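Protein chains in written order, with this note's numbering: chain G, 1 to 235; chain Y, 236 to 312.
Glycine residues also receive a C-beta, built at the ideal position from the N, C-alpha and C atoms.
For clarity, every value in this text was computed on a predicted model and none was experimentally measured.
Written out below as structure tokens is the structure these notes cover.
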Amino acid sequence: MLKFFSPTNIYLLIQKLIKFINSIFFLILIIGLTFALVLSPPDYLQGDAVRIMYVHVPSAWIGLACFSVITFLSVFNFVFKIKNFYFINKSIAPIGLLFTCLAIVTGSLWGQPTWGTWWAWDARLTSMLALMVFYIFYILTFKLLNSAELIIKVSSLIAIIGSVNLPIIKYSVEWWTTLHQPASIKITGSSSIHPELMLPLMVMLLVFLLYAALIFLMKYKTEIIRIKKKNIKRN
Amino acid sequence: MISNFITMNGYGLYVWLSFGIVLVSCAIVYFKTMKTLKKYEQEFLAELQSLTLEKKNRVLKTSKVAQQILATSSKVN
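Spelled out as structure tokens, the structure:
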């Protein structure tokens, strides 16, 4: 099964996936933006400021998801020594950083009209900032270190240490008294968000996921070409 | 109605700025990633073209990725 993860097999699949996502992306983006900016009703408390949720929440979720994947693959790479996971992680990290930064910036823009402040050293906000720092250090290992083995060791260590922050982000709103509201959407149990707000959020999440997948596939394709180019030189 | 859509009942600055920042950042990352990919594809092809015919054939025979890149570039050209 692990043979399936060989760059050659994946490369052929990537070509098709990029084409497919490119063909549907703009249509889904327009649908998402129409729902988020036009069709979605204002919140009874926050008014139209609630529309920021449609870019803030998916950004935060993807930022967290990317780091979870990086941690999982780093541990997996340690056990099974599949070098390909290193290239996957290298391609995912900039996407995670982008979305974490967007979550922080849009959160700040949402905080000003609803809380009356751009920033507070509250547990959720601070732990998200810590996640951004972990991403920066993680990406820097690829830029600053030369030996592949050393990069794998250092980046995996950063990922494993950084993973401690993930449950802190998730449960910070329950463990401490924070300015940030508790989770409105729960995978298990009932969500407190109104269905009329939930639908645009899910469509925007799909838009963000497709975008993240597209960037990942292009970055991963670049990595494969880079490896193959090195192999040509060796021949 | 259009005025309400633009002002978002007083929250327009925050809402439009949020969506604007997200769209612009994502567009920049998309075009930058695309440019890097194209650059590496061109470099790969240049490297392949610089090989002798025998070596080039050997690479193309053994590497499906090289075949794909060459096929894609032929389609584009």
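In terms of Cβ geometry, His180 of chain G and Thr106 of chain G do not form a close pair [threshold 8 Å]. In the structure shown, Asp43 of chain G falls within a strand segment according to DSSP collapsed to helix, strand and coil. Note on geometry: alpha-carbon atoms of Ile152 of chain G and Ala159 of chain G lie some 10 Å from one another. Boundaries for Phe35 of chain G: no alpha helix (DSSP H) harbours it, and the DSSP string shows neither H nor E there. In the three-state scheme derived from DSSP, where H, G and I count as helix and E and B as strand, Val164 of chain G is classed as coil.
Contact check for Glu174 of chain G and Pro182 of chain G: beta-carbon distance about 6 Å, within the 8 Å limit, so the pair qualifies. From the listed residues Y:Ser253, Y:Ser238 and Y:Tyr275, the smallest Cα separation to Gly111 of chain G is found for Y:Ser253. Taking 8 Å as the Cβ-Cβ cut-off, the region 179 to 204 of chain G has no residue approaching chain Y. Rounded to whole angstroms, the separation of the alpha carbons of Gly162 of chain G and Phe134 of chain G is 6 Å. Chain Y has no Cβ within less than 8 Å of the Cβ of Arg124 of chain G.
Taking a Cβ-Cβ cut-off of 8 Å, the neighbours of Asn244 of chain Y in chain G comprise Pro42, Gly47 and Asp48, given in sequence order. With 16 or more other CB atoms across the displayed protein chains lying within 10 angstroms of its CB, Phe99 of chain G is buried. If you look at Pro58 of chain G, you'll find it in the alpha helix (DSSP H) that goes Met53 to Phe80.
Interface with chain G (8 Å Cβ-Cβ cutoff): Ile256 of chain Y is included. For Met202 of chain G, the secondary structure class from DSSP, reduced to helix, strand or coil, is helix. For Leu248 of chain Y, the enclosing alpha helix (DSSP H) has its first and last residue at Gly247 to Gln284.
Rounded to the nearest whole angstrom, the CA to CA distance from Lys19 of chain G to Lys299 of chain Y is 19 Å.
It is roughly 37 Å from the alpha-carbon of Asp48 of chain G to the alpha-carbon of Asn89 of chain G. In the assembly as shown, Gly96 of chain G is a buried residue. Its beta-carbon has 16 or more other beta-carbons within 10 Å. Here DSSP, grouped into helix, strand and coil, assigns Asp48 of chain G to helix. Straight through space, the alpha carbons of Val250 of chain Y and Met243 of chain Y are spaced by roughly 8 Å.
From the beta-carbon of Gln303 of chain Y, the residues of chain G found nearer than 8 Å are Tyr11, Leu12 and Gln15.
Rounded to the nearest whole angstrom, the C-alpha separation of Leu12 of chain G and Leu150 of chain G is 30 Å.
Within the same chain, Cβ atoms closer than 7 Å to the Cβ of Ile241 of chain Y are found at Gly247, the five residues on either side in sequence being excluded. With contact defined as three or more Cβ pairs closer than 8 Å, the region 263 to 276 of chain Y and the region 219 to 235 of chain G are in contact. Here Trp115 of chain G carries a helix assignment [DSSP, helix/strand/coil].
Rounded to whole angstroms, the separation of the alpha carbons of Leu109 of chain G and Ile52 of chain G is 8 Å.
Relative to the Cα of Gly245 of chain Y, the nearest Cα in the group G:Asn9, G:Ala36 and G:Gln46 belongs to G:Gln46. Contacts with chain G (Cβ-Cβ distance below 8 Å) from the region 272 to 302 of chain Y involve Leu272, Tyr275, Glu276, Glu278, Phe279, Glu282, Leu283, Leu286, Lys290, Arg293, Val294, Ser298, Lys299, Val300 and Ala301, listed in chain order.
Asn292 of chain Y: member of the alpha helix (DSSP H) spanning Leu288 to Thr297, first to last residue. Taking a cut-off of 8 Å on C-beta distances, the region 200 to 211 of chain G touches the region 21 to 39 of chain G, as three or more cross pairs fall below it. Ile14 of chain G and Asn239 of chain Y have their alpha carbons spaced roughly 43 Å apart. Proximity to Val207 of chain G across G:Ser59, G:Ala123, G:Ile10 and G:Ile104 peaks at G:Ser59, based on C-alpha coordinates.
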